[in-house]
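A.B. asks:
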Amino acid sequence: SPTLSGGEAQRVKLVTHLLGGLKAEQLQLDADKRRATKPTASLFILEEPTIGLHMSDVQKLVEVIQRLVDAGHTVIVIE
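Written out as C-alpha cells, the structure reads:
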C-alpha cells in the first residue's frame, strides 16, 4: 500500500488546512473575513517542505506560505 513521506504528509495537511474543500471565491471571502475579525493566529513549522518538488511547485508553495503570513500566521521553514 502506498504511503506518504513525512514531507508529503506535511504538504497535504497544509493544503487541506488552507483549502478546507472551498472554491477560490469562497477562499478569498473567507480570507477577507478572517483578516477583518483578527482570528487567533497559528504557527506552522515546515521541515524541508521543498524536498522532491519541481521548481514550479516550489513557487506555488512559496505563494501558499506567503498567504499564510498575510493572513497573520507565523511560518517557520527549516531547510
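Read in order, the letters of the sequence shown correspond to residues 1296 to 1374 in the working numbering.
Cβ coordinates follow ideal geometry from the N, Cα and C atoms, glycine included.
Bear in mind that the values here come from a model prediction, so they are computed numbers and not experimental data.
Can you tell me whether I1340 is helix, strand or coil according to DSSP?
C.D. replies: Taking the first residue of the sequence shown as position 1, residue 1340 is located at position 45. Strand.
A.B. asks: Taking the straight line between their C-alpha atoms, what separation do you get for S1296 and A1304?
C.D. replies: Taking the sequence shown and counting its residues from 1, the one referred to as residue 1296 is at position 1. Taking the sequence shown and counting its residues from 1, the one referred to as residue 1304 is at position 9. Note that S1296 scores 47 on pLDDT, short of 50, meaning its location in the model is unreliable; the coordinates nonetheless yield the value given after this. About 15 Å.
A.B. asks: What is the DSSP secondary structure of V1310, counted as helix, strand or coil?
C.D. replies: Counting from one through the sequence shown, the residue named residue 1310 turns up at place 15. If DSSP states are grouped into helix, strand and coil, V1310 belongs with the helices.
A.B. asks: Measure the beta-carbon distance from A1336 to H1312 and round it to whole angstroms, keeping in mind my assumption that it falls under 8 Å.
C.D. replies: Within the sequence shown, residue 1336 is the residue found at index 41, counting from 1. Within the sequence shown, residue 1312 is the residue found at index 17, counting from 1. A1336 to H1312, Cβ: 13 Å. No contact.
A.B. asks: DSSP state of I1360, grouped into three classes?
C.D. replies: Locating residue 1360 in the sequence shown gives position 65, where the first residue counts as 1. I1360: helix per DSSP, three-state reduction.
A.B. asks: Just to confirm, is the Cβ distance from L1363 to P1344 under 7 Å?
C.D. replies: Walking along the sequence shown from the start, residue 1363 turns up at place 68. Walking along the sequence shown from the start, residue 1344 turns up at place 49. Not closer than 7 Å, so no.
A.B. asks: Would you kindly work out how many angstroms separate the C-alpha atoms of L1341 and S1351, rounded to a whole number?
C.D. replies: Within the sequence shown, numbered from 1, the residue matching residue 1341 stands at position 46. Within the sequence shown, numbered from 1, the residue matching residue 1351 stands at position 56. Approximately 18 Å, taken between the alpha carbons.
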